[in-house]
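>
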Amino acid sequence: MKTGDKQIGAVDGILPTPTPSQSAVVNDVDGAWEFLDKHRNENIQDESIGILAIRRKNDYRIVPLGFLLYTMQFMDKLAQKYAGVMTMREDLNLKGNDFSNLVTATYVAIAVWEIPTIYFLQRFPAAKYMAINAILWGISTACGAAAHNYQSLLVTRIFLGIFEATINPSLMLISGRWYTKPEQAPRFSFWLLGLGIGQIVGGAISYGFQLVSPTLPLQGWRIMFILLGLVTIVFGGLTFWYMPDTPMEAPWLTDREKVALLKHISINQTGVENRKVRVAEISEALRDPQVWLIWLSVTLFAGTGGITIAYSSTLIRNLGYTSKQATLLNMPAGLISITVMLIPGWAVRRGHHRWAWALGTLFPAIIGSALMSFLPSTNKSGILAGIYLTNFIPGPLTIFWNWAPANIAGATKRAFVSALLGGFFAAGGIIGPQSFQARDAPEYRPAKITVLATQAAGACTTFALFLYYVRQNRRKRSLNTVDMETEEAFMNPEVWARLTDRENTRFRYSY
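The opening residue of the sequence shown carries number 1 in the UniProt record's numbering; numbering runs sequentially from there.
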């Protein structure tokens, strides 16, 4: 029998009764343990339940919805970039750094709104909260079509940032509720495929709307904003109705299957549902070196991504191509992004090290930024190749988005780290575009050097994080020599208690 299709029913079907020493923590446990405890007397041995079949059911319902929302949040951001190569600048009389400031305003809104998002994700169902915000950012995108000047468009982009602030931390929390750590990696990679798909589809949509007749009542970019907003609203509604917040609420699983799934993901030791806010966990997160290394790394990578996403079409156009040609030439970047997001997730699922794949996908991006920065402007092919290579940066970003939830335990700590990870990602998105100043046109050399510097620094922080995890696992083994690898080893209320990764001596960091 294949490992991935093992029969959960073959493992002890009766859940263990807590010992007196364990009963002290029973009143402060995760909602998943309460469900397991309720079904303690149900013997699941009489029904063979394959975890592969359960996982497939979840994949059909959870993964596609996350992918659709992630794709649309990226395309709604891209809408401004594509509108910028159409007639939006002239229609709204954008001058100087107005365009860069619009990009920055969106990321500032994301960064600021991540702070209340910490509380909302702890107190409210993550899937429902994410879905409602998707509907609201769809409305914000559509309202951009009504903008008549810089100020009115600025308002819509700020609200877009506020409502999009939830997407990354929500998916980080959701992934840990349905999948084990290795299983999370390819699912997160698939979600983040939205970055590459968004570039390809968005480029095609932009090209199409550039062909819209100027005799129509609305310019092409305004129609594009309305279309993208309406599609996002539809996907947000589907997510609200069809994505449950926890496995315990999944209508497609029987109680026996829910028990089997919860036993399967108990190995994560990161919990499923606990809505009590524990301030001490926030304090621990702020003192945890891994948290700061993760935040710093994502900030550096997002700085590169902010430039690549927002200005790659502009950089290509400045090589002497027309707006339509620049849009089409930017589409292969999406194929590169898709490749570097899929392969690391597949590799991690098969036991490969995250840190090695992060560095492996980062080095081509460093080479690309060096080509952009130092090749003469007459070498169009070399600079274009450099622009394409910088699109390897989604590789390490994909790894870090699923690395953080895999190694952070404690309900409040996970919500805090996940939300602020989105905030630091937005900070990188702020820093990147601000290095892209109008006075530096047409080569924008300071922005290109910023890309190179942030990627090199990100390589250093990634390797430092790997060394930290090696050291911490050695320390934990010295305190608790038992490495628990089986599901049954985790089936007691102590495991489901609100222990953080640092408090739990049995917790092992993935690297």
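C-beta: ideal position from N, C-alpha, C; glycine also.
Computed from a predicted structure; not experimentally measured.
Mind the definition here: the stretch 120–135 touches the stretch 163–177 only if three or more C-beta pairs lie below 8 Å; say whether that holds.
In short, these stretches touch, since the Cβ pair count reaches three.
> What separation, rounded to the nearest whole angstrom, lies between the Cα atoms of HIS264 and GLY271?
The alpha-carbon atoms of HIS264 and GLY271 are separated by roughly 12 Å.
> What residue range is occupied by the uninterrupted alpha helix (DSSP H) comprising GLN122?
98–123 is the span of the alpha helix (DSSP H), which, as asked, contains GLN122.
> Can you give me the C-alpha to C-alpha distance between ARG508 and GLN151, rounded to a whole angstrom?
So the alpha carbons of these two residues sit roughly 50 Å apart.
> Output the distance between the C-alpha atoms of PRO251 and ALA409, rounded to the nearest integer angstrom.
Computed Cα separation, rounded: 27 Å.
> Does the separation of the CB atoms of PHE424 and VAL291 fall below 8 Å?
Contact flag unset, no.
> Between the C-alpha atoms of LEU192 and THR339, what's the straight-line distance to the nearest angstrom?
For LEU192 and THR339, the distance between alpha carbons rounds to 11 Å.
> Do LEU362 and GLY395 come within 8 Å of each other at the CB atom, strictly closer than that value?
Yes, the pair counts as a contact, with Cβ atoms nearer than the cut-off.
> For ILE197, count neighbouring C-beta atoms within 10 Å of its own C-beta (all shown protein chains included) and say buried if the count is 16 or more, exposed if not.
Under this definition ILE197 is a buried residue.
> Can you give the Cα-Cα distance for LYS81 and TRP221, rounded to whole angstroms?
Spanning the two alpha carbons is a distance of roughly 10 Å.
> Since ALA142 and PHE225 should fall inside the 8 Å C-beta cutoff, what is the C-beta to C-beta distance between them, to a whole number of angstroms?
About 6 Å separates the two Cβ atoms, so the contact holds.
> Rounded C-beta distance between LYS348 and TRP357? I'm assuming under 8 Å.
Reading the sequence as shown, one finds Val at residue 348 and not Lys. So it is a contact: roughly 7 Å between Cβ atoms.
> Tell me whether GLU90 is buried or exposed, calling it buried when 16 or more other Cβ atoms sit within 10 Å of its Cβ.
By the 10 Å Cβ count, GLU90 comes out exposed.
> With respect to the alpha helix (DSSP H) encompassing ASN407, which residues constitute its N-terminal and C-terminal limits?
ASN407 -> alpha helix (DSSP H) spans 394–407.
> Just to confirm my understanding: we take THR156, look at its own chain, exclude 5 residues before and 5 after, and list those with CB closer than 7 Å. What are they?
Result list for THR156: SER140, CYS143, GLY144, ALA147, in chain order.
> If I'm right that PRO247 touches ARG187 with Cβ under 8 Å, what's the distance once you round it to whole angstroms?
The pair is not a contact, with the Cβ atoms about 14 Å apart (cut-off 8 Å).
> The alpha helix (DSSP H) that contains THR141, what's its start and end?
Per DSSP, THR141 belongs to the alpha helix (DSSP H) from 126–143.
> Among the residues of its own chain, which have a CB less than 8 Å from the CB of ILE132, if the five just before and after it don't count?
Hits under 8 Å: GLY236, PHE240.
> Closest by CA to residue 580, which one among ILE393, VAL279, GLY161, LEU300?
Since the first and last residues shown for the chain are 1 and 511, residue 580 lies out of range.
> Does the stretch 271–280 come close enough to the stretch 87–107 to have 3 or more Cβ pairs within less than 8 Å?
No, they do not touch.
> Look up TRP191 in the DSSP assignment and say whether it is helix, strand or coil.
TRP191 falls in the helix class under three-state DSSP.
> Under the three-state reduction of DSSP, which class applies to ALA165: helix, strand or coil?
Three-state result, ALA165: coil.
> With three or more C-beta pairs closer than 8 Å as the rule, is the stretch 374–385 touching the stretch 400–417?
Output reads no: the stretch 374–385 does not touch the stretch 400–417.
> Have a look at ALA302 and ASN402 and give me their C-alpha separation to the nearest angstrom.
In a straight line, the C-alpha of ALA302 is about 15 Å away from that of ASN402.
> How is ASP501 classed by DSSP in three states: helix, strand or coil?
Note: ASP501 maps to coil in three-state DSSP.
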